[in-house]
Amino acid sequence: MKRVLSIVFLFHLLLFGQSQLLSPIPLPTTIVVDLDPTPYDDAMLEEALARGEIFTFLAKSGATTNADLLAQRQRYMALLNLKGRTYGGITFRIAFVIPERVIGKYAVSTTQSALAYLLDRGVPFDMEVFSIPDESDETLRQVLEEISADMPYDLIVAPVTRKGTDYLCHQALPGKLFVPTIHKHRIECPNEQVLFGGIDYTGQIETLSYLVESNATTVTVSDSSPLSGMLSETVSEFVDVNDSIVLGRSGYYKDIIETHDDLNQSTLFLNTPVVKSSLFLSQLTLADFKPNLILSTQINYSPLLLTLTQYHDRENMVLASSIGLADPFLTENIALLHQDIRFNWLNYATVVGIDDIFNRTTGEQRLTRESFTDRSLEYEIRLYEAGLYRFVPREIPFPPIEEIIEPVDEEEDTGFYSPLSQAETME
């Protein structure tokens with residue numbers, strides 16, 4: 001009797017209970033996969049309809065221009081609740097060339113981010129990873145031969161350094177090759193098959209230079225790495241650098257800081273990785289120095305900066321980032337594989353480059369905004385303040401404009417209004 005009462009009570013709860021949350025599970029969808037390589041003309045499509053082979057008709061009628069057949073196709077697609085796309089086997093083929101010993105952890109992060117992206121699209125794909133030990137000419141030559149011997153790929157992704165890129169730029173490639181690690185301005189590449197997705201550090205530094213006052217004492221902070229040195233050299237192209245600090249590997253910088261008495265109320269360009277930058281900022285506070293402005297590029301745009309420093313260490317810090325907004329569902333699906341495209345610029349660049357080529361190959365909707373222009377991804381540069389708990393967007397100031405007044409020949413009447421003419425008549 002107790003069991004019967006329990007069942008009746010449970011039925012009562014199910015009958016009158018209401019759910020206040022929508023299920024995050026998407027509704028099931030059906031697609032048609034074309035497994036037959038034989039092309040069908042309009043007569044063959046009509047025969048398939050006459051035989052009642054509806055799914056054969058749907059799989060083969062995507063390219064027809066016959067109005068009656070298209071109307072039939074649309075009717076069956078609506079009747080069967082099918083999406084307006086069919087897939088003939090593998091739709092998108094992509095290859096990765098990964099020099100594991102050279103790029104280290106990025107060998108895993110870039111490939112997993114790409115895999116998560118392709119899984120998110122729900123389109124048949126083939127992804128091959130060609131692991132190589134280094135970027136020597138012989139190693140790259142062999143892997144290109146191996147890729148060429150395989151079926152054609154829609155895109156080859158090679159997150160290599162400048163050395164590897166230089167070799168690839170002067171080779172006959174089996175298809176489009178995307179280098180997400182290098183910006184096109186950092187290397188001369190005559191090969192039209194090579195695409196670039198690297199961060200434009202020069203553009204970021206130029207944008208940050210708009211914040212520097214004309215009479216500011218500017219100091220660059222770098223280490224012995226090539227990227228850090230390149231950033232500090234680029235800073236000198238846009239502002240007058242008064243002093244420079246080179247950090248060692250010890251992690252103790254207080255003695256170095258105290259030898260520079262011009263750090264108070266200065267403008268710092270912090271060109272070191274996030275851990276080293278965090279140590280430097282905390283020891284700068286310990287030495288009782290308070291810069292007026294701390295500027296940095298993508299190199300320090302990481303939530304780790306907010307964790308490793310206290311707010312008063314980074315209170316006047318502004319960072320430039322080229323990471324844009326991607327589809328939120330894509331971002332979360334990539335996070336399921338423990339990868340990040342919100343702060344990891346290489347993962348983001350890899351996904352954006354694949355997304356652009358994927359769109360051009362399959363016609364599917366874009367999930368990111370940036371596109372290839374003149375063989376390079378064009379990113380929008382954004383500025384952020386290192387806030388208390390997050391990076392706060394900051395408006396980009398207008399660059400300083402130098403007013404240039406060209407002399408006008410008094411005897412020549414230009415016929416155009418001049419803003420100076422009214423001022424002259426008032427004197």
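Counting from 1, position 360 in the sequence shown corresponds to residue 360 in my numbering; the numbering is continuous, with no gaps.
We put the beta carbon where it would ideally sit given N, CA and C, even for glycine.
Residues near residue i in its chain [Cβ-Cβ closer than 7 Å; skip 5 each side]
{"i": "Lys163", "result": "Glu135"}
{"i": "Val123", "result": "Tyr87, Thr91, Phe92, Thr362 and Glu364"}
{"i": "Met151", "result": "Arg93"}
{"i": "Lys105", "result": "none"}
{"i": "Asp166", "result": "Ile187"}
{"i": "Pro303", "result": "Phe343"}
With 16 other Cβ atoms within 10 Å as the buried cut-off, status of residue i
{"i": "Val179", "result": "buried"}
{"i": "Arg101", "result": "exposed"}
{"i": "Ala114", "result": "buried"}
{"i": "Gln283", "result": "buried"}
{"i": "Lys254", "result": "exposed"}
{"i": "His185", "result": "exposed"}
{"i": "Leu286", "result": "exposed"}
{"i": "Pro291", "result": "buried"}
{"i": "Val219", "result": "buried"}
{"i": "Glu370", "result": "buried"}
{"i": "Leu155", "result": "buried"}
{"i": "Gln72", "result": "buried"}
{"i": "Leu388", "result": "exposed"}
6 Å CB neighbourhood of residue i in its chain, flanking five on each side removed
{"i": "Met317", "result": "Ile294 and Ala386"}
{"i": "Arg382", "result": "Ser321"}
{"i": "Lys2", "result": "Low per-residue confidence applies at Lys2: pLDDT is 41, beneath 50, and the placement is therefore not dependable, though the value from the model is reported in the following sentence. None."}
{"i": "Glu128", "result": "Ala95"}
Span separating the alpha-carbon of residue i from that of residue j
{"i": "Ala326", "j": "Gln204", "result": "20 Å"}
{"i": "Thr234", "j": "Thr202", "result": "7 Å"}
{"i": "Gly324", "j": "Glu206", "result": "19 Å"}
{"i": "Ser209", "j": "Arg314", "result": "18 Å"}
{"i": "Val194", "j": "Val351", "result": "17 Å"}
{"i": "Asp240", "j": "His338", "result": "42 Å"}
{"i": "Ser436", "j": "Phe358", "result": "One cannot answer for residue 436 here, as it falls past the ends of the chain, which runs 1 to 427."}
{"i": "Tyr379", "j": "Thr161", "result": "20 Å"}
{"i": "Gly62", "j": "Arg360", "result": "18 Å"}
{"i": "Phe57", "j": "Asp340", "result": "42 Å"}
{"i": "Ala149", "j": "Ile199", "result": "32 Å"}
{"i": "Ala50", "j": "Leu118", "result": "37 Å"}
{"i": "Ser225", "j": "Asn215", "result": "29 Å"}
{"i": "Asp355", "j": "Ser266", "result": "42 Å"}
Reduced DSSP category for residue i - H, G, I as helix; E, B as strand; rest coil
{"i": "Ala116", "result": "helix"}
{"i": "Tyr384", "result": "strand"}
{"i": "Phe358", "result": "helix"}
{"i": "Leu293", "result": "strand"}
{"i": "Val219", "result": "strand"}
{"i": "Phe238", "result": "coil"}
{"i": "Arg375", "result": "coil"}
{"i": "Val143", "result": "helix"}
{"i": "Glu213", "result": "coil"}
{"i": "Phe398", "result": "coil"}
{"i": "Ala320", "result": "strand"}
{"i": "Pro328", "result": "helix"}
{"i": "Asp126", "result": "strand"}
{"i": "Leu69", "result": "helix"}
{"i": "Thr272", "result": "coil"}
{"i": "Val157", "result": "strand"}
{"i": "Asp255", "result": "helix"}
{"i": "Leu80", "result": "coil"}
{"i": "Arg93", "result": "strand"}
{"i": "Asp243", "result": "strand"}
{"i": "Ile299", "result": "helix"}
{"i": "Ser250", "result": "coil"}
{"i": "Ile98", "result": "strand"}
{"i": "Phe435", "result": "Shown here, the chain extends from 1 to 427; a query on residue 435 therefore has no answer."}
Sequence-distant residues of its chain with Cβ nearer than 8 Å to residue i (five each side left out)
{"i": "Met230", "result": "Tyr201"}
{"i": "Phe289", "result": "Ile257, Leu263 and Asn264"}
**Prompt:** Between the segment 172-189 and the segment 373-382, do three or more beta carbon pairs fall short of 8 Å?
**Reply:** yes
**Asked** Quick check: the segment 307-319 against the segment 66-76, are there 3 or more CB pairs under 8 Å?
**Response** no
**Request:** Count the C-beta pairs between the segment 267-277 and the segment 326-345 that are closer than 8 Å, then say yes if the count reaches three, no if not.
**Result:** No: the two stretches stay apart, fewer than three of their Cβ pairs being nearer than 8 Å.
**Message:** Assess contact between the segment 257-266 and the segment 159-178, defined as three or more Cβ pairs (one per stretch) separated by less than 8 Å. Is contact present?
**Reply:** At 8 Å Cβ cutoff, the stretches do not touch.
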